[in-house]
Each structure stands twice: as C-alpha cells, then as structure tokens.
Amino acid sequence: MIYMRLQSHWLLGLLLLCCLPLHAQSLNDQSFGKGLINFTAADSSFTVKFAPRIQTRFQSAWNQDGNNYGDAEYNFLVRRARFKFDGWAYSPKLRYKLELGLSNRDISGANQYNRDTPRYILDAVVMWHFAPGFELWAGQTKLPGNIERVVSSGDLQLIDRSILNSKFNIDRDMGIQLRYKHKIGNMVVREKLALSQGEGRNVTEGNLGGLQYTSRIELLPFGTFAKKGDYVQADLVRESSLKLMLAATYDLNQNAVRNRSNMGSYMTLDNGSLYETDITTIFVDAMLKYRGFALMAEYADRSAAAPVALNSDGSTASIVQVGNATNIQASYLFKSNFELTGRHSSITYGAVTGKGNEVVYTAGASKYIVGHKLKVQSDLSYGQVDGTTDFLEFRLGFDLHF
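Numbering (our numbering), first residue to last: 146 to 547.
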C-alpha cells in the first residue's frame, strides 16, 4: 500500500512539474495535436514537449459453439493512457524521448526479473546526431523490427495491430542502436543496427541469457514520404506522387530465455534454471502510398536452434513459438477524411508447437477529425483457428492525443 502511494505521488509530482510555469523558460502556444505543453529554455539550451494521450475501447466477441455463435462477451477498457516527453538537450543534435504508460495493459507484466514492479517505462532513450546521416541511440526503445510494430499505436488505422505482430514482433529492449541515412542516386537508404539485452523492456536483474542483435535496411526508391508517412498508417497527406518503402529485418537473440525471443513466457525448467536457445526472427515488409491509397504488407518468420525445452524427467517445460505469418492491409482515404480499410492476417505455426494455424479477416472504418490526434474508429473481424473454430469480433475506439 505504501509503495503504491509513493508511485502515485511520484507520477502526480512529475505531472505538476511539467505543468508549472518556470521563470527560466518561455511557454510557446501550440495548436491542438502539437503537444499539450511546449517549453523552450530562455537560453535555448533545451526544449521539452509534453503530450498525453488516451485510447478508449469497446469490444464484443462471439465464439462459435457448434453450428451457432454463443452469447457475446463485452469489454470496455482504457487500452492506452500515456505521458510522452520529448525534445533536445544542450544541442538540437542531442534529442531524447521519455514515454510512460499508465493503463493496466501498459504496466502489467511484473515478475521476479523486474523486481515484481509495474512496468511504467515504455521509452527512455537519448539520440545523438553525431555526424551527417548518423545517429547513435542509447536506452530503452523499440527495436528496428517489423514496420507495423514501429508505427506508433496512436497512428494505426485499425483498432489494434494484427496477429502477426502480436505473436512475432520483437518490441522494445534496452541497448544501443546505430542508424545511418544516405542516398544512392535518387533512392534513400536507411540502415539500422541494434545491440540489446534480449529480455525485453524494464528487466532490472541483469542479462539472463545472451545478447540480441538486430539489423534492418529500408529502401525508398522514390524518395522520402511526406511528414514521415512511411511510419504512419493511412495516407493522410494524400501523397501527390507514388511513395514506396521496401525493408527487411534480421534479428538473432542468442541464448534467449523467453519463448517469443525477447517477449512471452520465461522458459523455466523443473530445477529452477532458465532454458536457453538461439532464436532467429526475420521480417520483410513494405509501405506504399499514393493519393489517399495506402498499402502495407508484412512477412515474419521465427525459428529456434532447439525449440523444445525438456525437464529432467523428459517432460516438456516450454516450446518456442516458431512459425511464420503474413499481414496485408489496404485502405482508401476519402476527401471527407473518412477511411475504409481491409486486412488479411494469417499464422502458420511450426508443428512442434502443437498450435492450430490462424487466419483473421478485418474490415474497418475510421473518421479522422484532426488526423490521428483525434479520431473515431471501428472494425469487424472474422477469424478461424485450425480451419474449424470461428469467432467474430467488433471493436469501437476513440483516440485523443494532445
């Protein structure tokens, strides 16, 4: 109880600190969607932008019972509630980002490896632009994985990400990243390398297995997207000329101790030790936009050197979730800022997992009031597991981002 009070007081104090006027700084007026508070130091030695956001959701699902669907299961939730701070310190070449999650979905996952504490921190990273085209990142943030995961949850065109992402993404981790952007003729090339701990975000008990190595290359043959639209779903700017990004990621988590690389359950053996095996994840993805039309496609493949963890008596302790998946979604944004989106996602699990293959079809509609900063969305999904078990799901969501 005392601990939770301290946590609440700490968060309240942080919010008050950001909201109070400071004599050494000036407050810049901003329009909606540009941050709730923007500070610039009087001597221009640093800046900070504070931008909270809220995502509320309603969900109802029907599972097939024989030849009929059973009663609906309803769920109302605050899917995300977050505080985001970003800016630069000392020089515009030294940027930072801090993002805190406050909803139950954001902070859940306490275990012995993060000292049984809530996982408030999503991002805490410093980015140094130390030479033309080069940036060095240090801290906790998203790894350069599949495009759908790196797109912010606030910039999605459907209520949530696909089953490919939920089962195969590599999410966030603590470590360093080196990024290089250059051109070959008219084509923009971005190369990203990451060295991370390999256990996911907020792990505080040291490195449990080996290290995780991630590399990604992105090719933009027709130049950069307007307003970084290659990492924003929906063609909100209505690109006047064709824009395309083709990318691939290779990720190796050496001696991984979780059954989905740096995510999922810890693979614990009956003697109390952790099972370790090398896990490889490959992504190939693309983003295309032109005059309101947007297309995103992804392929993921995960393999493991030894996917089955056995106890001393030969029984199965854990299984790495190996397999492959595809995700394709296309959309069109009308001039009224109303959008229709269709998505097809499928997973083929490795036979060793004993899990049935999955496929989900989703149709969605969005109304963008102030782009992704203020929008209403809904979608309807039909899914199958192993070709037999059917389900229907309807979701409705509201997003508010200052």
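C-beta atoms are modelled at their ideal positions from N, C-alpha and C, and glycine is treated no differently. Model, not experiment: these values are computed from the prediction.
So, at 8 Å on beta carbons, what are the nonlocal neighbours of residue i in its own chain, with the 5 sequence-adjacent residues on each side left out?
i, result
"Arg403", "Glu344, Gly345, Gly409, Ser410, Tyr411 and Met412"
Looking at C-alpha atoms only, which residue of the options is the closest neighbour of residue i?
i, options, result
"Glu336", "Ile362, Asp316, Thr349 and Arg317", "Ile362"
"Ile199", "Ser298, Tyr214 and Ala226", "Ala226"
"Phe543", "Phe221, Asn183, Phe195 and Asp216", "Phe221"
"Tyr235", "Arg260, Ser190, Gln322 and Gly330", "Ser190"
"Ile424", "Leu440, Ala439, Leu455 and Val465", "Val465"
"Ala462", "Asp415, Tyr506, Gly499 and Thr493", "Asp415"
"Thr394", "Asn183, Val429 and Ser341", "Val429"
"Phe203", "Ala379, Val223 and Val504", "Val223"
"Asp261", "Ala431, Glu350 and Val530", "Glu350"
"Tyr265", "Tyr506, Ala255 and Gly374", "Ala255"
"Lys388", "Thr471, Gly437 and Asn291", "Gly437"
"Gly532", "Ala510, Leu541 and Thr493", "Thr493"
"Asn259", "Phe313, Ala187, Leu364 and Val348", "Val348"
"Asp210", "Thr534, Ser457 and Ala339", "Thr534"
"His274", "Lys480, Glu244, Gln322 and Ala371", "Gln322"
"Thr201", "Gln357, Gln378 and Ser298", "Ser298"
Are the CB atoms of residue j and residue i within a distance shorter than 8 Å?
i, j, result
"Ala450", "Thr422", "yes"
"His517", "Asp300", "yes"
"Glu280", "Arg317", "no"
"Pro289", "Val296", "no"
"Tyr477", "Leu381", "no"
"Glu293", "Ser311", "no"
"Ser448", "Leu309", "no"
"Asp342", "Asn331", "Inspection of the sequence shows that residue 342 is occupied by Gln rather than by Asp. It is not a contact, given that the beta carbons lie outside the stated cut-off."
"Gly232", "Tyr219", "no"
"Ala196", "Lys238", "no"
"Ser406", "Asn398", "yes"
"Gln285", "Val270", "yes"
"Pro452", "Gly487", "no"
Starting from residue i and walking both ways along the alpha helix (DSSP H), at which residues does that stretch end?
i, result
"Val295", "Ile292 to Val295"
"Asn249", "Asn249 to Ile252"
"Phe191", "Phe191 -> no alpha helix (DSSP H), and no H or E assigned at all."
Tell me which residues share the same chain as residue i and place their Cβ nearer than 6 Å to its Cβ, disregarding the 5 neighbours each side in the sequence.
i, result
"Leu525", "Ala508 and Phe539"
"Asp396", "Ile315, Thr359 and Thr426"
"His327", "Gly278 and Val334"
"Gly215", "Asn208"
"His168", "Confidence at His168 is low in this model, with a pLDDT of 44, below 50, so the placement of that residue is unreliable and no value is reported for it."
"Val521", "Lys512 and Phe543"
"Asp375", "Met390 and Met432"
"Gly528", "Val505 and Phe536"
"Tyr148", "Because Tyr148 sits at a pLDDT of 44, beneath the cut-off of 50, its placement in the model cannot be relied upon, and the point is left open."
If residue i and residue j are in contact, beta carbons under 8 Å, what's the gap, nearest whole angstrom?
i, j, result
"Gly459", "Thr498", "With 8 Å as the limit, Gly459 and Thr498 do not qualify as a contact, their Cβ atoms being about 18 Å apart."
"Ile473", "Ala439", "Not quite, the Cβ-Cβ distance comes to about 12 Å (not below 8 Å), so this is no contact."
"Glu484", "Tyr435", "Not quite, the Cβ-Cβ distance comes to about 15 Å (not below 8 Å), so this is no contact."
"Gly180", "Val515", "Not confirmed; about 13 Å, so no contact."
The beta strand (DSSP E) that contains residue i, what's its start and end?
i, result
"Lys373", "No beta strand (DSSP E) contains Lys373, which DSSP labels as neither H nor E."
"Phe479", "Run containing Phe479: none; DSSP gives neither H nor E here."
"Ser511", "Glu503 to Val515"
"Ser176", "Taken as a continuous stretch (DSSP letters only), Ser176 belongs to no beta strand (DSSP E), as it is neither H nor E."
"Arg242", "The sequence given here has Lys at residue 242, not Arg. Note, Lys242: beta strand (DSSP E), Ser236 to Gly246."
"Leu545", "Thr534 to His546"
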